[in-house]
Every structure is written in C-alpha cells, then in structure tokens.
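Only one structure is covered here, and it is reproduced in the block below.
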Amino acid sequence: MSVDVETPAGRTVEPTERRPARLAELFLLILALAAGISAFAMVGRSVTGELPGDFWAVSLLLVGIAAAAHVVLRLRAPWADQVILPAVVLLNGLGLAMILRLQLADTKGADAWSQMMYTALGAVIAILLVWFLRDHRWIRRLTYTAMLVGLGLVVLPLLPVIGREINGARIWVNIAGFSLQPAEFAKIAFAIFFAGYLVTNRDTLALAGKKVLGLQLPRIRDLGPIIIVWAASLAVLVFERDLGTSLLFFGLFVAMLYLATERFSWVLIGLVLFAAGALVAASVFPHVGARMDVWLHPFDNELYNAVGGSYQIVQGTFALAAGGLFGTGWGEGYPYLVPYAFSDFIYSSLGEELGLTGLLAILLTYLLIVQRGLRTAIAVRDGFGKLLAGGLAFVMALQLFVVVGGITRIIPLTGLTLPFMAQGGSSLLANWIVIALLLRVSDNARRPSALPMRGTVAQGGGMHDPIVVGAHDGTTPGGGVPVRRSAADAPSRGSTPSHPTEAFGGPLDPRRDDPRGTTGGEHL
Amino acid sequence: MSELTITLLRLGYLVLLWVFVLSAIAVLRRDLAPRGAPRASKSERRRAEAAPAPSAGAAAAAAPAPARRGGPTRLVVTTGPLAGTTLPLSSASILIGRSPGCTLVLDDDYSSSRHARIFPQGDQWYVEDLGSTNGTFIGDAQVSGPQPLAPGVGVRIGQSVVELQG
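In the order they appear, the protein sequences are chains A and B.
Going by the numbering used here, the first sequence opens with residue 3, and the numbers climb by one from there.
Going by the numbering used here, the second sequence opens with residue 41, and the numbers climb by one from there.
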C-alpha cells in the first residue's frame, strides 16, 4: 500500500520517494578519513619523529577523493549503498599508511606516492563510470566482447615481448614502462561475461538432465562452458604458474553458476574438478609441488633456508605473533623484515602493528563490502544485475580468502593481492572499477520503483481494479464501479474476528446473510 | 612523548577502527526493517486513531479498508517460496503471477506471468484463472471460470498456495 502524507501545502507526497541525504555515508566517510589520516600522522611520528613529508599532500588527496566520490554519488546515484564507499576509503587509507610506514623505514620497493597516484586514478575512473553509466543493464550487450577481452587479458602475459616473469609467476605485462597485472582486469571482464551468459542459459543448465542420488546432474553438452573455463584456469596455472588467479577465475564461474541455477551439483562438480586439477598439477609441475611443501612444512630447516622457500611465510607468521592481540602500534614494529611486506604480505604487516583487534576490524570492513554486494544482488530486479553484483562480491570475498588464507597457512600461499591495501596499480584500478559497478547496481536496486520486487506487494493494490462481470448489486453506488465504501462505512479493524474460518458466512454472522446469494448468482 | 601517551594512542586507534565498523553495522540495521516501514507504521497509527471520528473522513478514506464488514481482511501465502507473505485486502482485485505488474509477484517457475485473479464482487470474493499454463486449483478441482472463494480455502497457483483470511 502506498503511504501518502499530507504536506502543509496540501499536496500528497510519497515519503519513500525522497532522495536519501546520504548522511550516513558522510558520517562514515569522516570516520574513515580520520582513521586514515591519523594513521599517516602516527606513522610519521613514531618512525621519524615528525609528520612525513608527503603528509599534507596525501591527506588532502585522500579527502578530495572521498569528497568528490560522495558528491558524485549524491548527484548521480543517490540511492546507492552508503557503506561501500566509506569502507573502501578506510581500507585504502590504511593500506597507504602501511606503505608510507614501510617507505619511511627505507624498505626497498615501497612507494606510497605512486600508490596514492593510483588511488586517485582508480577513484577518478570509478567516478567517471558512475557518472556516465546510467544503467548497469547496458553492460549486458558487452557479454561476448567481455569474454574476448577477458581471454585476451589472460593470454597477454604469455606473449613474448611484453610478458614479464617476476618471482616465477608470468602474470605481468610491461607496456611503455608501466607494468600491469592483466588478470585483475580479466576478473571483471569474466564476471560480466558469466553474468550475461548465465542469465540467458540458466534454465538449460538448471533443468535439463537427470537426477542421481538427489543431485540434478546437468547434461554433458551443457557442461561445455564450464569445461572450457576449467581448462582456461588450468592453463593459467600451468603456463603462468599462478595458483591464485587460476583459483579466482574458476571459483568465480562455479559461484556464478550456483547463483544462476541454484543447483548444488555445480558446486560439487566444480570442487571435484578443481581438486583433481590441483592434485595433478601438484604432482606434475615442480613449482606447484614446491608451494605445497612450503605450505605443509614451513618450519622445516631446509625449506626455510631454500631460495623461494618458506622464509617469507614463516617471517609473516612471526610478524602476526609479534602483533599479538593489540599490536605494537603504528610504526613501532618490524614489518619490513618480511619480504614484500608492502604488497603480498601487507596483511601480516598490519597484523604486527594493529594486532588481532585491528585485523578483525579490517576483515569486518571487507565483509561489509561483500555483504553489501550480495545484498544488492538480492535486491536488484534484473537477473543480469543479480549475477553481476553477486559475482563481483563473491570474487572479492574469494580473493580475500585466498590472500589471508595463504598468509595464515590455511591454504597454500598464492600471489594474489589484498584488494585496496596491497601496493599495486592494477589491483587498485580494477577494484575501484568493481566498486563503481557495485555502487551503480545498488543504486538501481534500492531506487524506489513502481514495479514491485519479487515477493512483495505492489504499491497501491488498487492498480488493478476489478473488471466487474455482473451487474451492480444493491450496495454499489454505480453500475460496474468497483466497490469502494466510504470511510464511515468501513469497519475498524477491531471488529474483524481473528480466526479466518469464523470470519465468513457462519450462521452467527448476520451481516453475511443477505447479499451473498444474489451477487453470487449474478456473477456465475 | 611518554610511554603512556603512546599506549593510549595505540589503543585509541583500535577503538577508532571499531567505531567505524560498528557504525557501519548500525547503518546496515536499516535493512532489517522493510523499506519505509517506520514511517508507514506511524501514519497508519495516526489513521487508526482518526478513523472512529466521523469528521476525519479525508484521512480515513485513503485507508485500506476491508471491502465489507466481517469479510476476509487479508490474503496469505501459506505454502511456496513466499510462504508467510500477507497482503491487506481492499476493494480492488488482486492479480497474481510472475509479471512485475502483478499485485502479488510470485517467485515461482511454475506460475504464469499473469496467472490468476482474486477479486471482490458484491460481498463475495472470487478466484479466476487467467489462462495460465499450469492451471489454478482449489483442492484437486481446477478453476475454470470465476469461482467463489471462501476464506480458509487454499488456492494452488504453481508451487504456492494462497488463501483469504479474516
């Protein structure tokens, strides 16, 4: 039912149609910026005893990014989710602070200023995307373009001239002095492709095929696409030696298949296929086997001292242990003892200085973003938007699991980056694009619409007035006009019996006696 | 700076992080309430107060009054994916199906886009099948033409069963 409220002017307005003021977002942004900027200051104070040289520039840029994004959301996506942007700003700020801290400690490779520039670039791209992309359903026409782009990006590092192999993984390309990790962008392209592909083919995948042991098995020919993606992700594993990206692509597809079809058999098939592929890879390819050894026996003396052995992960574990429950405080620990403390192992660096308490807050912040994404997927009305938002949220959760699981030795260590925190331009740009897409879809999902959502009641049930078949009865004022009694006639709710069966036509209900027979007769 | 200040700063920073997380969760709590619900309940309460007074005609006229005295006041989905969904009845007919234009939008692959209609005529509610693929049933009997519908009688539409309740 629509809810009308009389304004003083006598006009009726829909209170639910009012544009949100986004005050919650503003408030959370202020908190997030306070956390980021005070981290910069504390880092400088404890490492060098003064504010870091870039302090004002970095802080102002961060504030500028947050303000610009907030204003653009107010103008162009006023219904978009209010938690996503502050959460991203907080994570980005914390990552910047840690990189700045490592840079101040003269860690080789840590470069806070370039990270700041990539943050600004990513935010600008996200803002432009939200500004110009008015409806996420437009992307659906790019379904097969996205597939080609995705496959192209995956193949790119294997090309002879531009491909680069760094630390055993061939996942980089070097173009005009800039190195990029194309897989980060490929994950967005694949999410778009899977969403577009599955929204058209979900019924075949879900309903065709026979049941075995309570599992609805798909037909062999419908397995085609999943086998292709499985092969592609195995190819990434074999030729680019990147376990993490391979897991990411495959997990994304299986999760989106499950979202589209609601058939658990897909998850089972996916897990079995991946386990089989990983086992074969671990026994056939030495670099995968080495990763497994490091995972299973990190404290083995031989492995610890080997080149590419377990030194890094063991140092990361020590860093987490040094952090304890409350951490050493910004700039008071020794995170730079871990190789790649600013990128792959930024999680252990943060764990050392912020402790378990801080890490849990960071993980919860990620969880908030993922939850908002999944919530958007539930609320949005079109199937493509559901799959896209669900897929993007899931891939972020999976990436987080792979990174954090690798560092805490739940799963073998892989080379994925922690979204928004780890130093790396590709990862930052790609994740800001993901956020822009999520914000756009969530604006669409939460925008009030005349169309009811699934499982809800339409605004104003009176939209579909009855087509009166018979003639009017005695109580209806005009012939053929739907019955709408005046206010005085309407009984208050209290007079209605509460039990459904009592309410109708019982012998003790005198009001029922008269009109029933006549209208029924007229009607039939 | 003294050791104490440093410790306080360190712990204060963690508190700041958690203040952020908890405020964000507080914002999320809005999701638990249905959209616009607090406002709706407030204005409904006002209407409920206004209704008995004869002079408050304007406010009460808009109220979703049950079509007639003692008749059913709501349509309830008793089985199916949407079990528990309740619609207040007015004097308008209720269109049930998968199409977003329906009054009750079913999330059910076995229902048609415009599946059935439940409408009042005189003092009686009727159910009518709108040429759906899988049919509308009362018990085992398929509904062909408009058929009177008593409260408490389940109407099967796809995988869902709806019934009128007092």
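C-beta: ideal position from N, C-alpha, C; glycine also.
Computed from a predicted model, the values in this text were never measured in an experiment.
Kindly say whether residue i, judged by its beta-carbon, lies nearer than 8 Å to any beta-carbon of chain A.
i	result
Gln182/B	no
Leu56/B	yes
Leu123/B	Note that residue 123/B is Ala in the sequence shown, not Leu. No, its Cβ sits nowhere closer than 8 Å to a Cβ of chain A.
Arg50/B	yes
Ser63/B	yes
Tyr53/B	yes
Val67/B	yes
Arg85/B	Confidence at Arg85/B is low in this model, with a pLDDT of 48, below 50, so the placement of that residue is unreliable and no value is reported for it.
Ile136/B	no
Val59/B	yes
Ile46/B	yes
Any beta carbon from chain B within less than 8 Å of residue i's own beta carbon?
i	result
Met44/A	yes
Ser40/A	yes
Gly301/A	Note on residue identity: the sequence assigns Phe, not Gly, to residue 301/A. Not closer than 8 Å to any Cβ of chain B, the Cβ of Phe301/A fails to qualify, so no.
Trp332/A	yes
Pro22/A	no
Leu33/A	yes
Thr263/A	no
Phe29/A	yes
Gln84/A	yes
Phe266/A	no
Pro54/A	no
Gly2/A	Given a span of 3 to 526 for chain A in the structure shown, any question on residue 2/A remains unanswerable.
Leu356/A	yes
Thr378/A	no
Ala37/A	yes
Thr121/A	no
Pro499/A	Residue placement at Pro499/A cannot be trusted, given a pLDDT of 38 that sits under 50; what the coordinates show is reported in the next sentence. For Pro499/A, the answer is yes, since a Cβ of chain B falls inside 8 Å of its Cβ.
Gly392/A	no
Phe57/A	no
Leu366/A	yes
By Cβ distance below 7 Å, which residues in the same chain neighbour residue i in space, the five residues on each side in sequence not counted?
i	result
Phe276/A	Phe252
Val256/A	Trp268, Val269 and Gly272
Ala123/B	Val117
Leu170/B	Arg154, His155, Ala156 and Arg157
Arg21/A	Pro80
Ile437/A	Ile86, Val90 and Ala128
Thr173/B	Ser152
Asn94/A	Thr121 and Phe422
Asp295/A	Leu305
Going by beta carbon distance, what residues of the same chain come within less than 6 Å of residue i, once the five residues before and after it are set aside?
i	result
Ala395/A	Val372, Gly375 and Leu376
Ile405/A	According to the sequence displayed, residue 405/A carries Val and not Ile. The answer, listed in chain order, is Leu418 and Leu420.
Gly246/A	Val404, Thr416, Gly417 and Leu418
What residues are listed by DSSP as bridge partners for residue i?
i	result
Tyr166/B	Phe159/B and Pro188/B
Leu137/B	The question names Leu, but residue 137/B is Gly in the sequence shown. Gly137/B pairs with Val145/B.
Pro128/B	Arg114/B
Val316/A	Val316/A is not bridged to any residue.
Val202/B	Val117/B and Val195/B
Ser172/B	DSSP output for Ser172/B lists no bridge partner at all.
Ser181/A	Asn176/A
Ile178/B	Ala181/B and Val195/B
Give me, in chain order, the residues of the same chain whose beta-carbon lies closer than 8 Å to that of residue i; leave out the 5 immediate sequence neighbours on both sides.
i	result
Leu400/A	Leu249, Leu250, Gly253, Leu254 and Ala257
Glu354/A	Ala321, Leu322, Ala324, Gly325, Gly329, Thr330, Gly335, Tyr336 and Pro337
Ala23/A	none
Leu28/A	His72
Val183/B	Ala156, Val167, Glu168, Asp169, Gly175, Thr176, Phe177 and Val195
Ser494/A	Per-residue confidence for Ser494/A stands at a pLDDT of 39, beneath the threshold of 50, marking its modelled position as unreliable; the derived number appears in the next sentence. Once the five neighbours on either side are set aside, Ser494/A has no close Cβ partner at all.
Gln187/B	Tyr166, Val167, Glu168 and Ile178
(message) So, does the segment 387-395 of chain A touch the segment 428-444 of chain A, judging by three or more C-beta pairs under 8 Å?
(response) yes
(request) Say whether the segment 143-155 of chain B touches the segment 189-196 of chain B, bearing in mind that this needs 3 or more beta-carbon pairs closer than 8 Å, one atom from each stretch. (result) no
(request) Note down, one range per segment and in chain order, each beta strand (DSSP E) of at least 3 residues found wholly within the segment 128-168 of chain A. (result) Whole beta strand (DSSP E) segments, 3+ residues: 165-168.
(message) Does the structure place the segment 422-433 of chain A close enough to the segment 60-68 of chain A that three or more beta carbon pairs sit under 8 Å?
(response) no
(request) Indicate whether the contact test is met: 3 or more Cβ pairs, each with one atom in the segment 401-419 of chain A and one in the segment 343-359 of chain A, closer than 8 Å. (result) Because the criterion of three Cβ pairs below 8 Å is met, the segment 401-419 of chain A and the segment 343-359 of chain A touch.
(request) Give a yes or no on contact between the segment 94-101 of chain A and the segment 145-164 of chain A, applying the rule of three or more CB pairs nearer than 8 Å. (result) no
(request) Inspect the CB distances between the segment 189-198 of chain A and the segment 140-153 of chain A and report whether three or more fall short of 8 Å. (result) yes
(message) Does the structure place the segment 48-57 of chain B close enough to the segment 30-43 of chain A that three or more beta carbon pairs sit under 8 Å?
(response) yes
(message) Is it the case that the segment 357-364 of chain A contacts the segment 77-91 of chain A, given that we only count it when at least three CB pairs across the two stretches are under 8 Å?
(response) no
(request) Only counting runs of 4 or more residues, tell me where the alpha helix (DSSP H) segments fall wholly within the segment 45-92 of chain A, in order along the chain. (result) 57-78
(message) I want to know whether the segment 312-321 of chain A touches the segment 431-441 of chain A - three or more CB-CB distances under 8 Å.
(response) no
(message) Any contact between the segment 121-140 of chain A and the segment 161-174 of chain A? By contact I mean 3 or more CB pairs, one from each, below 8 Å.
(response) Proximity of the segment 121-140 of chain A to the segment 161-174 of chain A falls short of the contact definition, fewer than three beta-carbon pairs being nearer than 8 Å.
(request) For the segment 374-421 of chain A, list the beta strand (DSSP E) runs that are entirely contained and at least 3 residues long, ordered along the chain. (result) none
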